[in-house]
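First comes the structure, then the notes that go with it.
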Amino acid sequence: MSALTRFLGDSPLRVILKLVVVSFLVGLVMNAFGWSPMDVFYGIRKFFTDLWNLGFHAIDRFLGYILLGAAIVVPAFILLRIASYRK
Numbered sequence: 001m002s003a004l005t006r007f008l009g010d011s012p013l014r015v016i017l018k019l020v021v022v023s024f025l026v027g028l029v030m031n032a033f034g035w036s037p038m039d040v041f042y043g044i045r046k047f048f049t050d051l052w053n054l055g056f057h058a059i060d061r062f063l064g065y066i067l068l069g070a071a072i073v074v075p076a077f078i079l080l081r082i083a084s085y086r087k
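Heads up: the sequence shown at position 67 corresponds to 67 in full-length UniProt numbering, and the numbers run straight through without jumps.
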C-alpha cells in the first residue's frame with residue numbers, strides 16, 4: 001500500500017470517482033435550491049455575525065433594563081434618604 005493510498009483511504013482513481021459523484025449530487029441539490037457557493041459562504045458568515053451581534057444585543061438589553069429600573073429606584077432612594085435624614 002503506497003503512502004498516497006494510505007492518505008486517501010482508497011486508490012486514487014476510486015477517490016476521484018467518489019468525489020465526482022458526490023460533487024455532482026451536491027451541485028444538483030444546490031442548483032435545485034438556487035444556491036451558489038458564495039451564497040453558502042455568505043450564509044455561514046451571516047450566521048456567525050448574527051450570533052456575535054446577538055450576544056452584544058443581550059448585554060445592551062440587560063443594561064437598558066438596569067437604566068430603566070434605576071430611573072425609578074435611585075430617585076426613590078434619594079427621597080427616602082432625605083426623609084429619614086430629617087428625623
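We put the beta carbon where it would ideally sit given N, CA and C, even for glycine.
Quick caveat: nothing in here was measured; it's all calculated off a predicted structure.
- Message: Can you find the residues in the same chain that come closer than 6 Å, C-beta to C-beta, to ALA15, ignoring five residues on each side of it along the sequence?
- Response: Before going on, a small fix: residue 15 reads as Val here, not Ala. Taken in chain order, the residues that qualify are LEU8.
- DSSP state of MET1, grouped into three classes? Under the three-state reduction of DSSP output, MET1 falls in the coil class, being neither helix nor strand.
- C-alpha distance - PHE48 paired with LEU79, whole-angstrom precision: Computed Cα separation, rounded: 47 Å.
- Message: For LEU68 and ILE82, I'd like the C-alpha separation in whole angstroms.
- Response: Each residue's alpha carbon lies about 22 Å from the other.
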